[in-house]
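Student: Going by my numbering, the sequence shown opens with residue -8, and the numbers climb by one from there.
This is the structure, below, for whatever I ask next.
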Amino acid sequence: MNELDPWAQSSVEDYEKLIKDFGMQPMDEFKSGYSDLRYIRRNVIFGHRDFSRIDESIQKKKRFALMTGLMPSGRFHFGHKMVADEIIWFQRKGAEIFSCAADMESYLMRGVSFEDARKTATEEYLANYIALGLNPDKLTFWFQSDYRNEYYRLRDMLSKKVTFNELKAIYGELTTGKIISALTQAADILHPQLPEFGGPRPVVVPVGADQDPHIRLTRDLAQRFNEEFKFVPPSATYHKFMSGLQGGKMSSSNPQSFIALTDEPKEAAKKVMRAKTGGRATVEEQKKLGGIPEQCMIYELYLYHLIDDDKALKEIHQKCKAGTLMCGEDKKHCAQLMEKFLSEHQKKRAEAKKQAEKLLKKR
Ligand code: TRP
């Protein structure tokens, strides 16, 4: 069986197998209804748990919430943008948004100071969320290290209904920090349903597949505390991960593997020009055999972010495979789209940063 470890930064190769091994559901049945989200339309969001509950809330215009968290341990890059786009999309579908800076987790698991975490969370994460279109007036944002009493009470209560051995079975080798991080994350996800935060209602958690151990634990805990709190088991959607610019993993600790949303647009364009493509060794071969878009980081950038029009994307795919589009030309096109996106985004971000700071002062 495929092991999922939320702290190992493992890459997940085989999403179909994941669905089978862990009992997630494929996203297929919701594709046509939610094709307005690029990530659903293009199978980037490949699986879910209990999404029908969220579907129903959206269709019947009933209350529901979205909960998400980010470890403030690095720059905000295009991998994070995908999650931000998902959050914004759900907000527009009517979700109340709960979003945390997982600064306790980054302190315990990555050694990030609370001060650094606060700066990163404000300037990188929150400011970029808002610049991408998140409405800050309909947002509950908090730091795991500095929040309300009911949340900490819940976190501690949760420990009563999960044994050490169960945690071991889910997470493998345990440390005290892992236990606290896992229970804190469960409290992140469940506390919106406490009476002080709006009461029981469906909550969707959009995550990468690596976070599934937390989702499974939290869903079990929701059930075990059913009598006290009437929690609705939280739903989840699972997205694939973007690759790094050189292939392999995108990693916050390797700046050459990602483009940050605050990268200088010209520098970002250069990173695009250096990215790995699915091109052949020589132009002759490329003309004869065609390229391999499935192995191309440029194509991934289009697919996830830079080209929303399916027809335009398909055309590039076809030309690449037919050997009529060469990598150099394609990279230039991508670099232009990147530069344009970043310049426009960064203009919005300047204003968004002020809003982010205001939001945090208000708390
Ligand atoms: N563990 C997540 C990460 O590694 C961050 C996180 C904390 C989170 N609380 C959450 C994610 C609740 C989803 C829901 O980035």
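Glycine residues also receive a C-beta, built at the ideal position from the N, C-alpha and C atoms.
Predicted model, so just to flag it, every value in this text is computed and none were measured.
Could you compute how far the alpha carbon of K257 sits from the alpha carbon of G314?
Tutor: When only Cα atoms are considered, K257 and G314 end up about 28 angstroms apart.
Student: Is it buried or exposed for S48, if we count other Cβ within 10 angstroms and need 16 for buried?
Tutor: The residue in question, S48, is buried, as its Cβ has 16 or more Cβ neighbours within 10 Å.
Student: At the level of alpha carbons, what is the spacing between A200 and L165?
Tutor: 20 angstroms
Student: For F134, which three-state DSSP category applies?
Tutor: strand
Student: Quick check on R54: does DSSP put it in helix, strand or coil?
Tutor: coil
Student: K279: buried (16+ other C-beta within 10 angstroms of its C-beta) or exposed?
Tutor: exposed
Student: Kindly give me the distance between the Cβ atoms of V195 and L328, rounded to whole angstroms, as I take these residues to be in contact under 8 angstroms.
Tutor: Not confirmed; about 30 angstroms, so no contact.
Student: Within 8 angstroms: the Cβ of Q184 and any heavy atom of the ligand TRP?
Tutor: no
Student: P186: buried (16+ other C-beta within 10 angstroms of its C-beta) or exposed?
Tutor: exposed
Student: With burial defined as no fewer than 16 other Cβ atoms inside 10 Å of the residue's Cβ, what is the status of K169: buried or exposed?
Tutor: buried
Student: Whole angstroms are fine: how far does the CA of G60 sit from the CA of L149?
Tutor: 19 angstroms
Student: Is the beta carbon of D94 closer than 9 angstroms to that of M62?
Tutor: yes
Student: Using 9 angstroms as the threshold, is the C-beta distance between I88 and K52 below it?
Tutor: Against a cut-off of 9 angstroms, the Cβ pair of K52 and I88 comes out as no contact.
Student: Run the proximity test for M15: is its beta-carbon closer than 8 angstroms to any non-hydrogen atom belonging to the ligand TRP?
Tutor: no
Student: Under three-state DSSP, which class holds R40?
Tutor: strand
Student: Rounded to a whole number of angstroms, what is the C-alpha to C-alpha distance between K267 and L236?
Tutor: 6 angstroms
Student: Give me the DSSP bridge partner(s) of Q277.
Tutor: DSSP, once it has assigned bridges, lists no residue as partnering Q277.
Student: Helix, strand or coil, according to DSSP, for V35 in the structure here?
Tutor: V35 falls in the coil class under three-state DSSP.
Student: Examine the Cβ distances between the stretch 113 to 121 and the stretch 336 to 353 and report whether three or more of them are shorter than 8 angstroms.
Tutor: yes
Student: Flag this pair as touching only if the stretch 202 to 220 and the stretch 263 to 277 have three or more C-beta atom pairs under 8 angstroms; answer yes or no.
Tutor: Contact fails: fewer than three Cβ-Cβ distances are below 8 angstroms.
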